[in-house]
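Enquirer:
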Amino acid sequence: MTDGQITYTNQYELKSFNSKDGFGITLANAAGIKIGIITARESTIVKKRADELRIQDVHMGQRNKKSSYEEIRKKYGLDHREMAYMGDDILDLPVLKTCGLSAAPADAVHDVKSIVDFVSQFNGGHGAVREFIEYILKAQNRFQQVVDKLLKLEQS
Numbered sequence: 019m020t021d022g023q024i025t026y027t028n029q030y031e032l033k034s035f036n037s038k039d040g041f042g043i044t045l046a047n048a049a050g051i052k053i054g055i056i057t058a059r060e061s062t063i064v065k066k067r068a069d070e071l072r073i074q075d076v077h078m079g080q081r082n083k084k085s086s087y088e089e090i091r092k093k094y095g096l097d098h099r100e101m102a103y104m105g106d107d108i109l110d111l112p113v114l115k116t117c118g119l120s121a122a123p124a125d126a127v128h129d130v131k132s133i134v135d136f137v138s139q140f141n142g143g144h145g146a147v148r149e150f151i152e153y154i155l156k157a158q159n160r161f162q163q164v165v166d167k168l169l170k171l172e173q174s
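Taking my numbering, the leading residue of the sequence shown gets 19, the next gets one more, and so forth.
1) Taking Cβ to Cβ, would you say GLN29 is nearer than 8 Å to ALA58?
2) Measuring CB atoms only, is the stretch 39 to 48 touching the stretch 67 to 74, in the sense that at least three cross pairs come out at less than 8 Å?
3) Could you tell me the boundaries of the beta strand (DSSP E) in which TYR153 lies?
4) Would you give the residue range spanned by the alpha helix (DSSP H) that ALA46 belongs to?
5) Inspect the beta-carbon positions of LYS115 and ILE133 and report whether they are closer than 8 Å.
6) Give the secondary structure of PHE161 by DSSP, where H, G and I count as helix, E and B as strand, and everything else as coil.
7) Considering only the alpha carbon of each residue, which of LEU109, VAL64, LYS66 and ARG99 lies closest to SER86?
8) Please classify ALA102 as buried or exposed, where buried requires at least 16 other C-beta atoms within 10 Å of its C-beta.
9) Beta carbon of LEU119, beta carbon of ASP135: below 8 Å?
10) Check each candidate in ASN159, GLN163 and ALA146 and name the one with the smallest Cα separation from SER37.
11) Evaluate LEU32 with the Cβ neighbour count: other Cβ atoms within 10 Å of its Cβ, from every protein chain shown; 16 or more gives buried, anything less gives exposed.
12) Note down the Cα distance separating MET104 from ASP166, rounded to an integer number of angstroms.
13) Alpha helix (DSSP H) containing VAL64: first to last residue?
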């Protein structure tokens, strides 16, 4: 969801988020797809953005991402084949090798891009999450239905 850059001032940590990725998460929510965030860093900014996007499963400070993945999977009673995951670095490899559908942004490290099912044409924080969500919805033949649902909600 971010481009991976961390900017510090004397008192604050700054991150930027892509509105296209945010709308992709809105599409997923409208489709009934649960979204989670698993990150090795602790960040109140990420939690704030997750709250804005109604992301309930936020696991921060998790270097062992597979344990968080398993917690989320068990919470919803899902099989690995029903789980999708997007990651960009070495710490993501155990989950990417386990989940049913794996993805990476264009700027992921080579070791990640070489094993995933889907590589976005966009870098992290620049529309990769959106593209992956649209890819899933289109593969399920649900994309237009979800868009129509959102447009109908906007008009009412």
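All C-beta atoms in this analysis are idealised placements derived from N, C-alpha and C, irrespective of residue type, glycine included.
Expert: Taking the structure as given:
1) Position 11 of the sequence shown, counting from 1, holds the residue named residue 29. Position 40 of the sequence shown, counting from 1, holds the residue named residue 58. In this structure, ALA58 does not lie closer than 8 Å to GLN29 by Cβ.
2) yes
3) Within the sequence shown, the letter at position 135 stands for residue 153. Run containing TYR153: none in the beta strand (DSSP E); it sits in the alpha helix (DSSP H), 146 to 157.
4) Working through the sequence shown from its first residue, we reach residue 46 at position 28. Unbroken alpha helix (DSSP H) run through ALA46: 37 to 48.
5) In the sequence shown, residue 115 corresponds to position 97, counting from 1. In the sequence shown, residue 133 corresponds to position 115, counting from 1. Contact flag set, yes.
6) Your numbering for residue 161 matches position 143 in the sequence shown. Correct three-state label for PHE161: helix.
7) Locating residue 86 in the sequence shown gives position 68, where the first residue counts as 1. That would be LEU109, whose Cα lies nearest to the Cα of SER86.
8) Reading the sequence shown from its first residue, position 84 is the one you call residue 102. Per the 10 Å Cβ criterion, buried.
9) Taking the sequence shown and counting its residues from 1, the one referred to as residue 119 is at position 101. Taking the sequence shown and counting its residues from 1, the one referred to as residue 135 is at position 117. For LEU119 and ASP135, yes; Cβs fall inside 8 Å.
10) The sequence position of residue 37 within the sequence shown is 19, counting from 1. That would be ALA146, whose Cα lies nearest to the Cα of SER37.
11) The residue labelled residue 32 in the question sits at position 14 within the sequence shown. When all chains shown are included, LEU32 counts as exposed.
12) The residue labelled residue 104 in the question sits at position 86 within the sequence shown. The residue labelled residue 166 in the question sits at position 148 within the sequence shown. Distance between the alpha carbons of MET104 and ASP166 is about 26 Å.
13) Working through the sequence shown from its first residue, we reach residue 64 at position 46. That run of the alpha helix (DSSP H) goes 62 to 70.
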